[in-house]
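Student: Position 422, counted from 1, in the sequence shown is what this note's numbering calls 919; the numbers after and before it change by one each time, with no gaps. We put the CB at the ideal spot given by N, CA and C, even for glycine. Computed from a predicted structure; not experimentally measured. This is the structure I want to talk about, given as structure tokens.
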Amino acid sequence: MGAGASADISRNAELVDDLDRLVKKQQRFVNVAFNQRQRGALVHVEGRTEPLTLPSGSAVYLWKQDPSVTRVGIRKVYLPHKIRPGPRDDNIEVVLEIPGTTEKDHKATALANPDALGDFLADIEGDPFCFDLVHTYAVVRLTVDMYIRDLQLLDWKWNWDLNLPPGQPKTPIKVLCHAGEKANATYHRGKKCLKFYYLTVESKTGYLCRSFDIVSHETGHAVLDALKPQLYSHTQGQPGALHEAFADLTAAFACLEQLDMCEDIIAETKCDLRKADWLTSIGEQFAQYMQAAAEAEAKANGQPTAGVHRDDAAGEHQETGGMRNMNNALTGETCGKGIYEICNVFTGYVYDILVDFFAWERDPYLGESDAHCLNRCARIVRKLLLLGLFNSSEVPDFTEISHGMEKAVDVIAKSDPGDIKMYKQIIAKRREDRKLSLAGAEKREKPVDLGAW
Ligand SMILES: [Zn+2]
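As structure tokens, then:
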């Protein structure tokens with residue numbers, strides 16, 4: 498036996514030891530679903546008794562990112578759901594009008610119908626507005642599916658159905674793709690809907706429903722409203738910022754849940770997630786477009802600018818146009834009191850964790866490809882955030898959620914094994930670095946004369 502073979506045996510023995518440690522580590526963890534069952538309100542998917550039969554879903558086309566990210570463009574996606582004309586299913590219903598709304602000029606004139614194979618492959622050239630209905634439905638569906646898998650829920654319920662007695666039909670969220678001419682997109686609990694507007698600037702019309710980011714962001718508001726209903730009425734401070742932060746993070750997570758998008762990010766950034774601008778900016782192209790429109794509008798009649806947001810009960814929840822970016826250096830000390838600056842501190846914090854986890858977990862030579870690793874790390878961080886939120890008080894602040902995420906590391910590691918000690922260290926260190934507890938808090942006035950001490 499040569500020295501090389503001996504080294505191989507020794508290395509193999511180490512690997513077996515590692516594997517043994519990993520298995521033992523896994524056995525200590527409890528499943529995330531256990532937490533859900535303990536709360537009683539949610540239904541867990543119990544063990545399967547027979548294989549899933551084929552076929553049960555539909556193929557659709559969708560914009561995989563923003564239409565302006567032409568490198569990515571439109572791709573065909575399979576949705577494993579029984580989708581009815583609309584598109585519509587038990588959770589989501591695309592509509593052409595919402596009773597009680599005043600918007601006119603819907604661009605789509607008829608709902609989308611499946612072809613003979615049950616697919617919704619609308620031709621974007623032949624009927625771009627029908628394409629919009631399918632695309633928007635698909636992004637909402639993909640986003641909700643991501644969270645349903647994370648939470649292991651068989652029976653998803655929106656906010657308005659949370660107290661629905663068993664056996665009663667649920668009310669799907671309505672999705673209005675061409676809600677009218679305005680630089681806005683909203684989640685409205687009272688009307689049980691998502692609305693996406695469009696805007697014409699210098700004879701060119703932009704449709705918010707065509708941005709994966711923006712549709713996913715609004716869906717994130719609706720998801721959080723089902724998980725933490727009391728946050729909806731908060732529009733100030735950290736609780737108010739949480740809705741926007743969760744919505745922004747949803748857009749990034751929904752993107753990272755798609756393996757081809759992970760491959761694209763890896764190829765474009767060479768694994769430097771700090772360079773993944775189109776991932777970390779929200780509706781970036783449309784934001785620029787809206788900014789131009791808003792400036793023109795403000796110039797013309799002094800109207801305030803608008804953006805992507807949720808409507809609160811009074812319809813006063815407005816956001817200034819312009820882009821947010823979770824790849825930022827804001828801390829609780831340096832951010833202002835505005836809800837979107839406070840939001841950026843938290844999204845920046847969660848993005849820091851993703852960047853650190855990815856750097857720690859990467860092993861493209863002996864482990865998994867970088868794209869798979871990114872996809873997995875995003876899932877881990879997302880589940881930590883969900884559990885941190887789920888197991889915190891009804892109106893939590895950033896620090897409480899961060900501590901919840903730290904505790905949740907033990908829980909998620911059953912389905913996603915990882916370096917528990919290192920994960921906890923990263924979550925805690927980044928919490929300190931970002932000074933989460935100070936975001937939005939009252940601060941002492943800084944001395945005007947910086948030369949004085
Ligand atoms: Zn929003």
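#1: Under 8 Å: does the beta carbon of Glu741 sit that close to some heavy atom of ligand 1?
#2: Between the beta-carbon of Asp629 and the beta-carbon of Lys604, is there less than 9 Å?
#3: Can you have a look at Lys767 and say buried or exposed, based on whether 16 or more other CB atoms are within 10 angstroms of its CB?
#4: With C-beta atoms as the reference, is Thr716 less than 9 Å away from Ala751?
#5: Buried or exposed, going by whether 16 or more other CB atoms sit within 10 Å of the CB of Glu590?
#6: Please confirm whether Trp857 and Gln562 have their CB atoms less than 9 Å apart.
#7: Taking all protein chains shown into account, do 16 or more other C-beta atoms lie within 10 angstroms of the C-beta of Arg931, making it buried, or fewer, making it exposed?
#8: How long is the line joining the alpha carbons of Gln673 and Tyr862, rounded to whole angstroms?
#9: Say whether the region 614-632 touches the region 548-559, bearing in mind that this needs 3 or more beta-carbon pairs closer than 8 Å, one atom from each stretch.
#10: Do you know how far the Cα of Leu661 is from the Cα of Ile839?
#11: If you measure from the CB of Ala744, is any heavy atom of ligand 1 nearer than 8 Å?
#12: On a CA-only basis, which of Asp652, Ala773, Pro893 and Glu897 is nearest Gln665? Give me that one, please.
#13: Measure the alpha-carbon distance for Leu659 versus Phe887 and round it to whole angstroms.
#14: Taking just the CA atoms, how far does Leu648 sit from Val540?
#15: Use the C-beta contact count for Thr550: other C-beta atoms within 10 angstroms, 16 or more gives buried, fewer gives exposed.
#16: Please classify Asp867 as buried or exposed, where buried requires at least 16 other C-beta atoms within 10 Å of its C-beta.
#17: Closest to Ser713 by CA distance: which of Ser934, Leu696, Thr697 and Tyr684 is it?
#18: Leu650 by DSSP, collapsed to three states: which one?
#19: Buried or exposed for Lys692, please, with buried defined as at least 16 other CB atoms from any protein chain shown within 10 angstroms of its CB.
#20: Let me check understanding here. Comparing Cα to Cα, which of Leu881, Thr777 and Lys926 lies closest to Lys911?
#21: On a CA-only basis, which of Ala680, Lys579, Pro596 and Met758 is nearest Asn610? Give me that one, please.
#22: Nearest to Val569 by alpha carbon, out of Phe709, His718, Gly835 and Met902?
#23: Taking 8 Å as the cut-off, is the C-beta of Glu754 nearer than that to any heavy atom in ligand 2?
#24: Kindly identify the DSSP beta-bridge partner or partners of Cys690.
#25: Can you look up Lys772 in the DSSP assignment and give me helix, strand or coil?
#26: Is the beta carbon of Asp586 less than 9 Å from the beta carbon of Pro663?
#27: Could you work out which residue in Leu608, Glu678 and Asn872 is closest to Ser700 when comparing CA atoms only?
#28: Could you give the first and the last residue of the continuous alpha helix (DSSP H) run that contains Ala723?
#29: Using alpha carbons as the reference points, say which of Leu650, Ile595, Pro577 and Thr606 lies closest to Ala635.
#30: Out of Glu897, Lys918 and Gly737, state which residue places its alpha-carbon closest to the alpha-carbon of Asp907.
#31: Alpha carbon to alpha carbon, how far is Tyr575 from Leu935?
#32: Among Ile836, Pro582, Phe843 and Gly835, which one has its Cα closest to the Cα of Asn824?
#33: With a CB to CB cut of under 7 Å and the five nearest residues on each side skipped, what residues in its chain are close to Phe526?
#34: Could you have a look at Val892 and say whether DSSP puts it in helix, strand or coil?
#35: What separation, rounded to the nearest whole angstrom, lies between the Cα atoms of Lys521 and Lys921?
#36: Give a yes or no on whether the C-beta atoms belonging to Tyr558 and Ile645 are separated by under 9 Å.
Tutor: According to the structure shown:
#1: yes
#2: yes
#3: exposed
#4: A contact, by the Cβ cut-off of 9 Å.
#5: buried
#6: no
#7: buried
#8: It is Leu, not Gln, that sits at residue 673 in the sequence shown. Approximately 46 Å, taken between the alpha carbons.
#9: yes
#10: 35 Å
#11: yes
#12: Asp652
#13: 15 Å
#14: Below a pLDDT of 50, predicted positions are generally treated as unreliable, and Val540, at 42, falls in that range; the measurement from the model is reported next regardless. Straight-line Cα distance between these residues: approximately 10 Å.
#15: exposed
#16: buried
#17: Tyr684
#18: strand
#19: buried
#20: Selected option, being the one with the closest Cα: Leu881.
#21: Relative to Asn610, the option among Ala680, Lys579, Pro596 and Met758 whose CA is nearest is Lys579.
#22: Phe709
#23: This structure lacks ligand 2; the ligands present are ligand 1.
#24: Lys671 and His685
#25: helix
#26: No, the pair does not count as a contact, with Cβ atoms beyond the cut-off.
#27: It is Glu678 whose Cα lies nearest to the Cα of Ser700.
#28: Phe709 to Leu724
#29: Pro577
#30: Closest option to Asp907, Cα to Cα, is Lys918.
#31: 44 Å
#32: Phe843
#33: At Phe526, the pLDDT of 32 sits below 50, so the modelled position is not reliable; the number obtained from the coordinates is stated separately. The beta carbon of Phe526 sits closer than 7 Å to the beta carbons of Asp907, Val908, Ala910 and Lys911 from its chain, once the five residues preceding and following it are set aside; these are given in chain order.
#34: coil
#35: Bear in mind that the predicted position of Lys521 carries a pLDDT of just 43, short of 50, making it too unreliable to give a figure here.
#36: no
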